[in-house]
Every structure is written in C-alpha cells, then in structure tokens.
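To keep things clear, I will list the structure first and then write my remarks on it.
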Amino acid sequence: DQQVKQNSPSLSVQEGRISILNCDYTNSMFDYFLWYKKYPAEGPTFLISISSIKDKNEDGRFTVFLNKSAKHLSLHIVPSQPGDSAVYFCAASGGFGNTPLVFGKGTRLSVIA
Amino acid sequence: DVKVTQSSRYLVKRTGEKVFLECVQDMDHENMFWYRQDPGLGLRLIYFSYDVKMKEKGDIPEGYSVSREKKERFSLILESASTNQTSMYLCASSRWANVLTFGAGSRLTVL
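Keeping their order, the protein sequence lines are chains B and F.
Residue 36 in our numbering is what sits at position 32 of the first sequence, and the numbering runs on without skipping anything.
Residue 103 in our numbering is what sits at position 94 of the second sequence, and the numbering runs on without skipping anything.
In structure tokens, the structure reads:
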C-alpha cells in the first residue's frame with residue numbers, strides 16, 4: 005500500500021514558467037513533509053520541508069503548500085531554470101522523532117530552455 | 010558540510026557472490042539508513058539503524074543484512090547476490106530521522 009503518491013512520473017516546463025509538482029498521502033499520522041531533489045549519478049539532496057502546523061513554507065524560488073484536509077502537498081518552483089531539471093521526491097514522516105521517511109516514487113522535471 | 014561517503018560508486022558482481030557496500034558518515038549522526046532506488050519504484054528502505062549494534066528492518070529487507078559496529082559506519086551485505094538486486098543503493102544519515110543526508114550512491118550490477 006503506497007502511503008505517499010506522486011502520480012505524475014514526469015513533467016516538462018518552459019524556462020521562466022512555474023513548475024508545480026504534486027504529492028498525495030494516505031496516512032493521517034504523517035505530520036512532517038519534505039522534498040528532495042536528485043540529479044543522475046548523485047544522491048538526493050534535501051530541498052525544503054513543511055510541518056503540519058503550517059500550510060506554506062517558502063525558500064527563495066521554492067514554495068511548498070500543504071492541504072491537510074485533502075492530504076495533498078505541492079512544490080512550486082518559480083521561475084523554473086534548466087538547472088532545476090532533476091527527479092523530485094516527496095517524503096513524509098510520522099513525527100519529529102525517529103520515524104523513517106516514506107518516499108514517493110518521484111517526478112522527473114524537465115525545464116526546457 | 011555533512012558528508013556521507015559510499016566506498017564504491019560502481020560494482021559488477023556475479024550471481025551468488027557475497028557483496029559488501031560500505032557507508033561512512035563524518036558528522037556523528039545517530040541514525041543511518043540504506044535505500045535502493047529503481048526506476049518507477051522510487052526510494053525503498055532496506056534497513057536502518059538508530060544506534061551502534063542496533064538495526065531495524067525496512068520495507069524490503071529480504072536478501073540483505075547490515076552491520077553497525079561503529080557509529081560512523083553502516084554496511085549493507087548481500088549474502089548471495091541475485092540479478093534482481095541490480096540497483097542503485099543509497100546510504101543516508103541524520104541526527105533526526107526526518108532530514109536525511111545521502112551519499113552519492115553505489116550502482117550495483119549483478120550478472
């Protein structure tokens with residue numbers, strides 16, 4: 005049973021436009037959410053996170069929105085740049101303690117110049 | 010910067026061989042993890058450890074074992090490699106379980 009779902013395997017966006025990556029979760033115990041970015045032949049790197057007590061967190065060009073009632077979060081990248089082309093993984097955790105992250109399957113973003 | 014180092018970037022092994030994947034972190038993190046990444050399947054947790062000599066099974070532990078004799082080192086062992094264990098293996102560490110720092114990965118091919 006997949007607890008964290010990224011239903012779009014891939015997304016193409018033109019440079020300068022907004023990229024929106026979506027993630028749904030089923031476990032209502034999840035209260036901390038993260039996005040990781042992965043380039044080929046490298047390990048994933050942490051991008052941005054959000055706690056369930058917030059509905060938005062912003063860091064430069066990256067904003068994560070959380071809709072708890074819909075069990076949905078999204079990552080917005082504005083403006084998109086060619087260097088943003090990577091696989092993005094959504095991840096969730098059941099608490100600030102030592103609960104392993106549950107990852108989605110990832111969305112491959114291609115930003116076209 | 011936190012550094013997680015995986016000793017081998019690329020390995021080619023034969024079916025039935027014993028395989029060791031080594032991971033070392035240099036930031037005194039308590040928690041260490043092994044994931045595998047496969048196309049269309051995302052990141053799947055194999056084993057994790059919250060302390061020296063402690064280990065917990067993740068979602069897909071079958072065919073794998075781990076060893077954590079020292080805090081900074083977490084080894085993944087494939088007792089008898091099989092072709093379905095061909096994958097990218099990712100080690101990670103963290104002080105808390107939430108924000109992981111990953112190594113660069115070890116791509117294993119089993120022939």
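We put the CB at the ideal spot given by N, CA and C, even for glycine.
Being a predicted model, the structure only gives us computed values, none of them experimental.
Given 6 Å as the limit, tell me if residue i has its C-beta closer than that to any heavy atom belonging to the ligand FAD.
i            : result
residue 62/F : As far as ligands go, the structure on display features none, and thus does not contain the ligand FAD.
When you compare the CB positions of residue i and residue j, do they come within less than 7 Å of one another, or not?
i             : j             : result
residue 25/B  : residue 79/B  : yes
residue 69/F  : residue 82/F  : no
residue 114/F : residue 97/F  : yes
residue 95/F  : residue 118/F : yes
residue 46/F  : residue 100/F : no
residue 13/F  : residue 84/F  : no
residue 10/B  : residue 30/B  : no
Pull up the DSSP beta-bridge partners for residue i, would you.
i            : result
residue 21/F : 118/F
residue 56/F : 43/F and 66/F
residue 18/B : 116/B
residue 61/B : 68/B
residue 77/F : Residue 77/F is not bridged to any residue.
residue 33/F : 14/F and 82/F
residue 99/F : 44/F
residue 28/F : 87/F
residue 26/B : 78/B
residue 92/B : 41/B and 111/B
Comparing alpha-carbon positions, which option in the options lies nearest residue i?
i             : options                    : result
residue 28/B  : 94/B, 35/B and 58/B        : 94/B
residue 60/B  : 37/B, 107/B, 96/B and 49/B : 37/B
residue 90/B  : 55/B, 57/B and 50/B        : 50/B
residue 39/B  : 57/F, 56/F, 28/F and 108/F : 108/F
residue 55/F  : 87/F, 120/F and 36/F       : 87/F
residue 116/B : 15/B, 107/B, 56/B and 98/B : 15/B
residue 12/B  : 13/F, 51/F and 58/F        : 51/F
residue 30/F  : 36/F, 39/F and 43/F        : 43/F
residue 60/F  : 49/F, 38/F and 48/F        : 38/F
residue 80/F  : 57/F, 17/F and 28/F        : 57/F
residue 54/B  : 32/B, 97/B, 92/B and 84/B  : 97/B
residue 92/B  : 82/B, 107/B and 103/B      : 107/B
residue 52/B  : 5/B, 103/B and 81/B        : 81/B
Buried or exposed: where does residue i fall if 16 or more other Cβ atoms within 10 Å of its Cβ makes it buried?
i             : result
residue 87/B  : exposed
residue 19/F  : exposed
residue 34/F  : buried
residue 48/B  : buried
residue 41/F  : buried
residue 104/F : exposed
residue 120/F : exposed
residue 49/F  : exposed
residue 68/B  : buried
residue 57/B  : exposed
residue 84/B  : buried
residue 28/F  : buried
Residue i CB to nearest chain A CB: under 7 Å?
i            : result
residue 29/F : Going by chain labels, chain A is absent from the structure shown, which instead holds the protein chains B and F.
| Between the stretch 55 to 64 of chain B and the stretch 105 to 113 of chain B, are three or more C-beta pairs nearer than 8 Å? | no
| request: Please confirm if the stretch 62 to 69 of chain F is in contact with the stretch 13 to 28 of chain F, defined as three or more CB-CB distances below 8 Å between the two stretches. | output: no
| field | the stretch 71 to 85 of chain F contacting the stretch 70 to 84 of chain B, beta-carbon criterion three pairs below 8 Å | value | The stretch 71 to 85 of chain F is not in contact with the stretch 70 to 84 of chain B.
| Hey, is the stretch 40 to 48 of chain B in contact with the stretch 16 to 23 of chain B, meaning 3+ C-beta pairs nearer than 8 Å? | no
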